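To keep things clear, I will list the structure first and then write my remarks on it.
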Amino acid sequence: MNNPDNTSCILEIQRLSKSFPGVLALDEVNLEACRGEIHALIGENGAGKSTLMKILAGIYQKDSGQILLKGQQVEIQNERHALQLGIAMVHQELNNFPEMTVAENIFAGREPSKWGILKKDALYSRAGILLQDFHLKIDPRVKMGKLSISEMQLVEIVKAVSCNAGILILDEPTSAISSNDADFLFEILQRLKVQGVAIIYISHKMEEVFRISDRITVLRDGKWIFTGNSAEITRDELIRKMVGRELKELFPERTAIQGETVLEVKNLTRKNVFTDVSLFLRKGEVLGIAGLVGSGRTEFIESVFGFPPADEGDILVMGKRVHINSPREAINNGFALVPEDRKLAGLNLLGSVLFNTTLAALSRFAGIGGIIHGKEEKLAAGFVARQLQVKSPDMNQLISNLSGGNQQKVVLAKWLLAQPAILLLDEPTRGIDIGAKSEIYQLINKLAMEGMSILMVSSEMAELMGLCDRIIAFRKGKVSREFVRSGFNQEQILSAIMN
Amino acid sequence: MKQKQAFKYLSRYGILIAFLILIVLMSLLSPAFLKTTNIMNILRQTSINGIVAVGMTFVIILAGIDLSVGSVIALAAVIAASFAHAGDYPLIVPVFAGLITGALCGFINGFIIAKRKIAPFIMTLAMMTIARGAALVYTNGRPVIELSDAYNKIGGGYFLGIPLPVIIFIIIIFLGWFLLSKTVFGRHVYATGGNKTAAELSGIITGKIIIWVYTIAGILSGLAGIVLSSRVMSGSPATGQGYELDAIAAVVIGGTKLTGGVGSVFGTIVGVLIIGVMNNGLDLLNVSSYWQLVVKGIIILLAVVLEKKSPR
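Encoded structure:
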């Protein structure tokens, strides 16, 4: 072991514990981070990664244990205090002011001023210099909301570094950006590393963990499991440590059944978003859509669901032309959509597991006057929740208390209860851990075997190639190429989606 | 851990506990407080605010707000009263006129909010002014008086010794509770208020839910207008001022969040009763009505501060 010299370790966390009502989120966890190190923190959802980082960022307070900064014990009071101590966090859900300019965002809370009056010139010139330092071609005067997600992320990193942060925490920074943008992000991280910043990097993506990290720490069920050099562990060993069991294979065996055509989309067009998209989907088939973020893939699948409807083109279900102007009409025609962002569009986070599970199929449990039969509802919800192995203490638990993977299972459960014939999936495994991913892959496969037709958008090439019978490549709002399973080739698919 | 659970319990039932403490306190301070006549009095006084507050609960769970309540009460009161002169029409006519007036105002609120995507605050602020003006235009600024005995019984009569407004209030509580917690419609109200996008993607036609909820709130305002005009035996275009704020206060004290998605009729009723008991108790203690306003404000603040302190 060529562990970095202990004296260079700027951060040491020792036997840190934290509990929430009913859950021990962190159980005597250890972690250290050194100057000039990228330390990957991995683990399944619910393993405690985010809780640990939120304690470091001052959002939560620890129950017990020690945090040492440069050898000194510190008690992090709040987010401002964390920043003063040189700990900055770039959140998975970006927190910024979309209506303010990039410069105003970078200097939010510490604007250059004299006697309380803003010094605008200084604000923009300083922001400009910072952005240039990072070789970013972003105008500091443009509104934050106009930037792409990856640009916003980079601005947040610039902001963090401009606070003289010695420790930078990144929570799944690549979950919503394209691989090009991710490459650029990694370059910037390398540069920060050379400058001596300690970077803690949370991710679910094995490839990037191995690509950029120096050391890896694994958490499981709130416990510290492993810390070691990235070069000295294999991917399989790492997955085993994460899940605590052997993952025989991530993707189930796919035996394609070719049924009759269930869905036909003809020349579907939404102005300036996607053009002339045609495809067909057979019974029991899994059809993938590959494409970059911004290629129109999400908008296309949402338009099939009537949210909002397309401007032109036809949708045929079982050979009959249908008019889908709203999600309600899509559902009536046998569609279901698992949206890209479960928190924004998939769930009512204020509701319980039961509430969310049965929301789309309530009328099935209701009699005259729309009166819900509580027993039938609970029975059906409990059945489908067990089928999908939703891990929740009980059905009345608030959905926001569940881990991401379990929340996603509830979104799927909601739609299985509605018994659709055509299931539209948009990034069905985004931001969830490898164990839950594998379960969702098994489920998708099983549903297809049982005769459901599935249209799936994904950014993960392995996922598309592992699950689909065919893949359609999207580029700039158009279908650029189609691949059948026997002809899947990662490089060809990638080149078909690249601009 | 134990402490946290105790705290959670306290925050969930905190309002109820506060209410019980208030009752014990009042009964100790004033011997007249626990007498049946006084309790009936409290219930009758709270019934109008209560009817309105049930509607407001629906609106606020939907993440909306209805500022037009007080003015709609006045418009419904004068229109109902104008059909309630002795010997003119059977009782059903003024009652329907009042309810339909309320329903129509509520429908317009909901329709424009849903279809034109106008902020509920702005839409109902406009309706507040319009309905008040319409009530003044309709009556030329004078109260409508000389109402039939049958009409006056709605607000002044008794059934089995219980004031009729109280019975109406109890029926509305039951209907409101049933609709919110037992029906598909109620679920859809929570879903729309909790996350509109997710609700739409789950096949809920949120526009329809919004229109219905404001219409229900309007009908209940109309009903409150009928009960109020009947109780004071006159339909005044100046009546009902400030009722929207009392209703919002009751809903907020009852733990419904202004951001929508959560709340219950039960909480609202406790909120209504807290305001009612406090008004009554302060009356009995000869506290001036000016001071009563100050105390009411403080209680609303306390309720919200307590709510904020509860752990997530």
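Residue numbers (the working numbering), protein chains in the order written: chain A, 1 to 499; chain B, 1001 to 1312.
All residues carry an ideal CB built from backbone N, CA and C; glycine is no exception.
No experiment lies behind these values; they were computed from the predicted model shown.
Residues that residue i contacts on chain B, provided the C-beta gap is smaller than 8 angstroms
{"i": "residue 348/A", "result": "1190, 1191, 1194, 1195, 1198, 1199 and 1261"}
{"i": "residue 372/A", "result": "1182, 1183, 1184 and 1187"}
{"i": "residue 230/A", "result": "Going along chain B, no residue has its Cβ under 8 angstroms from residue 230/A, so there is no contact; the nearest lies around 36 angstroms."}
{"i": "residue 307/A", "result": "1200 and 1201"}
{"i": "residue 351/A", "result": "1190, 1191, 1194 and 1261"}
{"i": "residue 366/A", "result": "1183 and 1184"}
{"i": "residue 369/A", "result": "1183"}
Under 7 angstroms from the C-beta of residue i: neighbouring residues of chain A
{"i": "residue 1203/B", "result": "327, 328, 331 and 360"}
Buried versus exposed, by CB contacts within 10 Å (16 or more), residue i
{"i": "residue 91/A", "result": "buried"}
{"i": "residue 375/A", "result": "exposed"}
{"i": "residue 231/A", "result": "exposed"}
{"i": "residue 181/A", "result": "buried"}
{"i": "residue 332/A", "result": "exposed"}
{"i": "residue 1159/B", "result": "exposed"}
{"i": "residue 1305/B", "result": "exposed"}
{"i": "residue 263/A", "result": "buried"}
{"i": "residue 1293/B", "result": "exposed"}
{"i": "residue 1171/B", "result": "exposed"}
{"i": "residue 1021/B", "result": "exposed"}
{"i": "residue 308/A", "result": "exposed"}
{"i": "residue 1148/B", "result": "buried"}
{"i": "residue 1212/B", "result": "buried"}
{"i": "residue 1013/B", "result": "exposed"}
{"i": "residue 1033/B", "result": "buried"}
{"i": "residue 2/A", "result": "Caution is warranted here: a pLDDT of 40 is assigned to residue 2/A, below 50, making its placement in the model unreliable, and no coordinate value can be reported."}
{"i": "residue 96/A", "result": "buried"}
{"i": "residue 121/A", "result": "exposed"}
{"i": "residue 321/A", "result": "exposed"}
{"i": "residue 204/A", "result": "buried"}
{"i": "residue 311/A", "result": "exposed"}
{"i": "residue 110/A", "result": "exposed"}
Counterpart residues of residue i in DSSP-defined beta bridges
{"i": "residue 171/A", "result": "202/A"}
{"i": "residue 475/A", "result": "478/A"}
{"i": "residue 269/A", "result": "312/A"}
{"i": "residue 227/A", "result": "217/A"}
{"i": "residue 19/A", "result": "24/A"}
{"i": "residue 89/A", "result": "169/A"}
{"i": "residue 39/A", "result": "200/A and 215/A"}
{"i": "residue 33/A", "result": "11/A"}
{"i": "residue 1037/B", "result": "BP columns for residue 1037/B are empty, so no partner."}
{"i": "residue 117/A", "result": "114/A"}
{"i": "residue 424/A", "result": "337/A and 455/A"}
Interface residues of chain B facing residue i [CB-CB closer than 9 angstroms]
{"i": "residue 414/A", "result": "1202"}
{"i": "residue 176/A", "result": "Under the 9 angstroms cutoff, chain B gives no residues; its nearest Cβ is about 17 angstroms from residue 176/A."}
{"i": "residue 363/A", "result": "1184"}
Neighbour list for residue i in chain B, Cβ cutoff strictly below 7 angstroms
{"i": "residue 345/A", "result": "1197, 1198 and 1201"}
{"i": "residue 339/A", "result": "1201"}
- request: With 9 angstroms as the C-beta to C-beta threshold (strictly closer), list the residues of the segment 430-458 of chain A near chain B in chain order.
  value: none
message: Using a Cβ-Cβ cutoff of 7 angstroms, what residues of the segment 1256-1277 of chain B are near chain A? List them in chain order.
response: 1261 and 1262
task: Determine contact between the segment 217-224 of chain A and the segment 40-49 of chain A, defined as no fewer than three beta-carbon pairs at a distance below 8 angstroms.
output: A contact between stretches requires three or more CB pairs, one per stretch, nearer than 8 angstroms, and the segment 217-224 of chain A meets this requirement with the segment 40-49 of chain A.
task: Please confirm if the segment 1139-1148 of chain B is in contact with the segment 1226-1239 of chain B, defined as three or more CB-CB distances below 8 angstroms between the two stretches.
output: Enough Cβ pairs lie closer than 8 angstroms, so yes.
- prompt: On the three-pair Cβ rule with 8 angstroms, is the segment 96-109 of chain A touching the segment 149-163 of chain A?
  reply: At 8 angstroms Cβ cutoff, the stretches touch.
query: Do the segment 428-447 of chain A and the segment 407-420 of chain A touch if we need at least three Cβ pairs shorter than 8 angstroms?
result: yes
query: Does the segment 1067-1084 of chain B come within contact of the segment 1217-1228 of chain B, defined as at least 3 CB pairs closer than 8 angstroms?
result: Flag = yes, the segment 1067-1084 of chain B and the segment 1217-1228 of chain B touch.
- request: Report yes or no: do three or more beta-carbon pairs, one from the segment 1246-1253 of chain B and one from the segment 1038-1054 of chain B, lie closer than 8 angstroms?
  value: Short answer: they touch.
message: Using a Cβ distance threshold of 8 angstroms, determine whether the segment 1037-1045 of chain B contacts the segment 1200-1216 of chain B, with at least three qualifying pairs required.
response: no
message: Three or more C-beta pairs under 8 angstroms: does that hold for the segment 359-371 of chain A against the segment 1169-1184 of chain B?
response: yes
- prompt: Taking three-plus beta-carbon pairs below 8 angstroms as touching, is the segment 1200-1208 of chain B in contact with the segment 1098-1108 of chain B?
  reply: no
contact_flag[the segment 232-242 of chain A, the segment 470-481 of chain A] where n(CB pairs < 8 angstroms) is 3 or more: no
query: So does the segment 1126-1134 of chain B actually touch the segment 1060-1069 of chain B, counting three or more Cβ pairs closer than 8 angstroms?
result: yes
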